[in-house]
Amino acid sequence: MSDQPLILAVPSKGRLQENTALFFSRAGLAFNQSGGTRDYRATISGLADVDVQFVSAAEIASLLACGAVHLGVTGEDLIRETVHNADQVVELLSPLGFGFANVVVAAPQAWIDARTMADIHEIAADIRARRGRKLRVATKYVNLTRAFFAEKGVTDYVIVESAGATEGAPNAGSAEIIVDITTSGATLNANGLKVIDDGVILRSEANLVASLAADWSERARSAARALLARIAAEEQARKTREIRAALPETAELPLGAIVEPFHLAVQPRADDAAVVLWCPEEQVFALVAALQEAGAPTVSVRRLDYLFTAGNPLMERLLARIGA
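Taken in order, the sequence shown gives residues 1 to 324; the numbers are from our numbering.
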């Protein structure tokens, strides 16, 4: 096994690059481009043995598949489209909360009877019977389209690979329907298209992805352990709130009974006058109400920057796939 550093591939341009840099910065992993923004290599401040490479999001999926990089940030749609048997080749370690886009089947709004994929199947048969040819589907997502149409039992179609603005294909007369990504649906609507009711192929977002084909040297593993610890701590902190409850003057809070329904770990008391709890964000108000009902005169809630725990769930997932 070689002694190469950890190679991290991140998007080279656009909102995806901006959001990726912001995500890593929040985790204390700021990119340092010594040659300025035109430099396509970077290091991470305070973290040795990590080589950051800026490449296109589509290329990142291919680099992960062949093991040329250890970790990468790219959309799940590109992973599923580009990487054959993706779950056997890469591990999607963590969704990152940005880069949302749905891969959908869209048809002309004028097709009032086209609501489901079963309707598309019937329309395809009708086109074959009336015009002697197959339904044309314009898309960049060839593999996702074929798999989804097979699942839905739609077989009488031909793919028109799109190199430009896919949503314009029906109006241009080069295809009847399309498979493309959409966020708000505004572009589809502007081109007279609608999403088929059961035509959402994939709900995608940017992910931190690990290559199972990469050469995971001890040096690369050590760097990954440090990097993923910070990411996991920031992610955990983002989902957690710290609750500080003052103790009643006359007696201590019945803490065990209060927290038992919430399945919380109790942090040791910070002082003699208060208890401190960590709580998932969605349980905050219910726990505050329980503390107040038990007699806590004041309860405060605050956000955390990082929450490091004994385990490193992201690294544990990675080691489970590449071998400890």
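Where is the CB? At the ideal position from N, CA and C, for every residue including glycine.
Same chain, Cβ closer than 7 Å to residue i, five either side skipped, listed in chain order
i	result
F31	A21, F24, A42, I44 and V52
E167	I178, D180, T187, L188, N191 and L193
P313	A232
I258	A290, L291 and A294
P280	K239 and T240
S399	Past the edges of the chain, shown from 1 to 324, lies residue 399, and the structure says nothing about it.
N-terminal and C-terminal residue of the alpha helix (DSSP H) that residue i is part of
i	result
A229	E218 to R238
R128	M117 to R131
N171	A169 to A172
T145	V142 to E151
I112	No alpha helix (DSSP H) holds I112; DSSP gives it neither H nor E.
E316	P313 to I322
Residue i in three-state terms, based on DSSP
i	result
Q292	helix
D215	coil
N32	strand
V83	coil
V89	helix
L253	coil
A190	helix
V259	helix
E18	helix
F285	helix
F54	strand
E161	strand
A68	coil
S45	coil
D77	helix
L349	A query on residue 349 cannot be resolved here, the shown segment of the chain reaching from 1 to 324 and no further.
L264	coil
Beta-carbon proximity list for residue i, same chain, < 6 Å, skipping 5 on both sides
i	result
V105	V179, I196 and G199
A224	L6
Y40	F54
A58	L78
P297	A246
T74	A57, I60 and A61
Delimiting residues of the beta strand (DSSP E) encompassing residue i
i	result
L247	Counting along the chain, L247 falls outside any beta strand (DSSP E), and DSSP gives it neither H nor E.
L8	L6 to P11
V179	I177 to T182
L277	A274 to P280
T298	T298 -> no beta strand (DSSP E), and no H or E assigned at all.
Residues of its chain near residue i, where Cβ-Cβ distance is below 8 Å and the 5 sequence neighbours each way are ignored
i	result
T182	A101, N102, V104, A106, L188 and V195
Supposed contact pair residue j and residue i - C-beta distance, whole angstroms, cut 8 Å
i	j	result
L64	L227	With a Cβ gap of about 16 Å, L64 and L227 do not count as contacting.
Inter-stretch contact (C-beta, 8 Å, three-pair minimum) for the region 228–241 and the region 294–313: yes
Stretch-stretch touch, CB-based, cutoff 8 Å, three pairs: the region 90–110 with the region 241–261: no
The region 91–102 / the region 138–146 touching (three or more Cβ pairs under 8 Å): no
Stretch pair the region 116–125 + the region 200–214: three plus CB contacts closer than 8 Å: no
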